[in-house]
């Protein structure tokens, strides 16, 4: 039942054409909640760690990974780094979320297409091979990336969140 709810919620997230009250922060929180719910669905006990960064650090990170063209027109930048770990395991699963807000939907669509048309689905210039994907809602592009993208739960999450 939880999986059906998750899929329906994901479809609503992706397909909603516009959202007057959406902010980068509300979208990153929404993705975080879905990530935690999906990954912990069959775990009894787990912990979630959120790592905070300054927005300027994330701006530099996006510029370093994608280039200045993605940052120059951004008017909102919210970010989250999440690590979730099942009790009794020695390592956790990682998800980074960055919401880039553009002045209008046309610019957001252009940048979304640039990011998603890239043949490589890995962030450039990172020490750890980091897989990524992107979503768009109205004038906001949400970048999702993971240093643990080879884990089956992360692969499933990326696939489900992109399913229309």
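Residue numbers (the numbering used here): 757 to 920.
Note that beta-carbon positions come from the ideal geometry of N, C-alpha and C, so glycine has one too.
Host beta strand (DSSP E) of residue 891 (start-end) = 887 to 893
key: residue 854 versus residue 814: straight-line alpha-carbon distance, rounded   = 8 Å
query = Beta-carbon separation of residue 818 and residue 891 under 9 Å?
reply = no
Close Cβ partners of residue 764 (< 7 Å) along its chain, the five nearest in sequence each way excluded = Only weak support is given to the placement of residue 764: the predicted model assigns it a pLDDT of 34, under 50, and the value that follows is read from those uncertain coordinates. Correct list: empty, nothing qualifies.
key: residue 731, buried or exposed, once every other Cβ within 10 Å from all chains shown has been counted against 16   = Residue 731 lies beyond the stretch modelled for the chain, which goes from 757 to 920, so this question has no answer here.
ask   = To which residues does DSSP link residue 839 through a beta bridge?
value = 805, 850
task = Measure how close the beta-carbons of residue 877 and residue 888 come, nearest whole angstrom, since I'm counting them as under 8 Å.
result = 6 Å
ask   = Looking at the unbroken beta strand (DSSP E) that takes in residue 910, where does it start and where does it end?
value = Careful: residue 910 lies outside any beta strand (DSSP E), inside the alpha helix (DSSP H) at 908 to 918.
task = Identify, in the order they occur along the chain, each residue of the same chain with its Cβ nearer than 6 Å to the Cβ of residue 871, setting aside the five sequence neighbours on each side.
result = 890
message = Three or more C-beta pairs under 8 Å: does that hold for the segment 825 to 832 against the segment 845 to 864?
response = yes
key: Coil, strand or helix - residue 855 by DSSP   = strand
query = In three-state DSSP terms, what is residue 833?
reply = strand
key: Burial state of residue 784 (16 or more Cβ within 10 Å)   = buried
ask   = By DSSP, does residue 900 sit in helix, in strand, or in coil?
value = strand
query = Using the rule of at least 16 other Cβ atoms within 10 Å of the residue's Cβ for burial, across every protein chain shown, is residue 903 buried or exposed?
reply = buried
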